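In my numbering, the protein residues as written are 2 to 501.
Glycine included, each C-beta is placed from N, C-alpha and C at the ideal position.
Since this is a predicted model, take the numbers as computed values, not measurements.
These notes concern the structure reproduced below.
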Ligand code: AHR
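Laid out in structure tokens, this is it:
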């Protein structure tokens, strides 16, 4: 039987915040060095930024870019990363057993964002692992204060007369994780996050602050962590963070394909926890969600890679090469974020280049798009506007982790000009899925495009040797007649259906 749903402009979820299409640049592996930054590369500009990578970043359509970590930030000394490059110290990076040269730092990050274009926005994390309130304030003063103080004048002396205007700040990273340098209990973190937030707002009441939530829904402390942290910080922060990574465990592909079931329940559980604390505090304020790390990540392979490192510079770690199947799951994660656009107001794809990334590079060589590049760029391009409420009636399949899961996962976004884009994933590995969408009150007459990412070989990938093996293809036969959209979704496919 077909999968079905109805679209009606009277039933909406909420407006998509452009920050939903954020990404993440961490000092990790080759994300920065030989990723975005490679002086001497044939395409590098005067500041060492790779133009081939910048072109792809623009095409990808990223908005907020979180920096500099990740686990890295919990040992970060911001002052090492500014000033004359020749004076910057080399440091041990405990998070990734690497050596940090600091050749790329705060000023280079801001220059990178400017070159992406006006849609790019900084999202800076402060170190609440080995450091605290004082250093966060110093960084904020250096970055944002116009002039006339020691640190703002130092920034000007370093060549950046204009303040960086960083509005969005993360109060540490994954402080619930025992692996984090300076890991804290929820009570300890809640206190330091509140103190830091209060002080940062004394410098600038308009900063937007993200408190650390759980590093995954599977953490033993999940939900209790959020409740405790928010009890301390509710009036002082704007967002709480969520992180989630998915991979098939023990060959359980069917559950992997339904990863968004976990992601959606994670979002809903965090919303419930935020609102519970709000209710307890009798507050009218609403805390929003910053899903500032999400992706498919073959994490189980990473520990072995990192534990043997002997403090190299920019090692090749976490360089997952994504298949078509990975891209379909990835697309489904994007759908999960869009379906909760009313509360998820920031999201960052972790990460941007080389490290579990949509863009890969070779030192001295080319840059290319992974399979996951396509769902992200299409969602960022066409997923702007108002998310319509999609209640799917779909055939299901069995999964070991999530029980019965829908074969169809879908959302739809209505743009300002009234056009609508349906994003849909067929989770079936073997069968095409017929789709019928009833369109009510939308005044749509035409299918502009049906594009699908699918392949006879779901393991197909783009590689250095064959960088254009996988790309979305047009689908014929999708129709809109008498108020009904009819389509067939190929097995294991990510679909973008544009209507006007
Ligand atoms: O994105 C890779 C790592 O995953 C980040 O450094 C950390 O925050 C998370 O555990």
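Item                                                                                                              : Value
Residue from 306, 437, 174 whose Cα sits closest to the Cα of residue 98                                          : 306
Residue 496 versus 415, 446, 383, 470, residue with shortest Cα-Cα distance                                       : 383
Residue 255 versus 402, 336, 116, residue with shortest Cα-Cα distance                                            : 402
Counterpart residues of residue 418 in DSSP-defined beta bridges                                                  : DSSP, once it has assigned bridges, lists no residue as partnering residue 418.
Residue range of the unbroken beta strand (DSSP E) whose run includes residue 240                                 : 240 to 247
Start-end ranges of the beta strand (DSSP E) lying completely within the region 169 to 234, minimum 3 residues    : 169 to 172, 209 to 212
C-alpha distance - residue 124 paired with residue 102, whole-angstrom precision                                  : 22 angstroms
Per DSSP, the bridge partner or partners of residue 537                                                           : The question about residue 537 has no answer, for the chain in this structure spans 2 to 501.
Run of the beta strand (DSSP E) containing residue 145, from where it starts to where it stops                    : From DSSP, residue 145 is part of no beta strand (DSSP E) but of the alpha helix (DSSP H) over 134 to 145.
Pick from 354, 272, 393, 53 that is closest to residue 66, judged by C-alpha positions                            : 354
Host beta strand (DSSP E) of residue 125 (start-end)                                                              : 122 to 127
Helix, strand or coil at residue 463 [DSSP, three-state]                                                          : coil
Neighbourhood of residue 204 by C-beta, 7 angstroms cutoff - its chain only, sequence neighbours within 5 removed : 138, 141, 142
Burial state of residue 316, where buried means 16 or more other Cβ atoms lie within 10 Å                         : buried
Burial state of residue 115, where buried means 16 or more other Cβ atoms lie within 10 Å                         : exposed
Same chain only: Cβ atoms within 7 angstroms of residue 86, ignoring 5 sequence neighbours per side               : 104
Contact under 8 angstroms by Cβ, residue 490 with residue 434                                                     : yes
Residue 291 versus residue 457: straight-line alpha-carbon distance, rounded                                      : 36 angstroms
Enclosing beta strand (DSSP E) for residue 398 [first to last residue]                                            : 397 to 400
For residue 479, the residue or residues it bridges with in DSSP                                                  : In DSSP, residue 479 forms no bridge with anything.
Residue 182 and residue 41 closer than 8 angstroms at C-beta                                                      : no
Supposed contact pair residue 428 and residue 455 - C-beta distance, whole angstroms, cut 8 angstroms             : Actually they do not touch by this definition, with Cβ atoms about 12 angstroms apart.
First and last residue of the uninterrupted alpha helix (DSSP H) at residue 151                                   : 151 to 158
Contact set for residue 120: own chain, Cβ-Cβ below 6 angstroms, skip 5 residues either direction                 : 64
Residue span of the beta strand (DSSP E) that contains residue 435, given as start and end                        : 434 to 440
Inter-residue spacing [alpha-carbon to alpha-carbon] between residue 36 and residue 390                           : 39 angstroms
Test: residue 344 CB closer than 8 angstroms to a CB of chain C                                                   : Considering every chain present, this structure includes no chain C. It has just one protein chain.
Three-state secondary structure (DSSP) of residue 489                                                             : strand
DSSP three-state assignment for residue 148, whether helix, strand or coil                                        : coil
Residue interval of the alpha helix (DSSP H) (run including residue 76)                                           : Run containing residue 76: none; DSSP gives neither H nor E here.
Alpha-carbon spacing of residue 190 relative to residue 10, whole angstroms                                       : 43 angstroms
CA-to-CA distance, residue 360 to residue 34, given in whole angstroms                                            : 14 angstroms
Candidates 235, 199, 201, 155: closest to residue 214 by CA position                                              : 235
Residue 241 Cβ short of 7 angstroms to the ligand SAH heavy atom set                                              : For the structure depicted, the ligand SAH is absent and the ligand set comprises only the ligand AHR.
Proximity of residue 471 and residue 325 at Cβ, strictly below 8 angstroms                                        : yes
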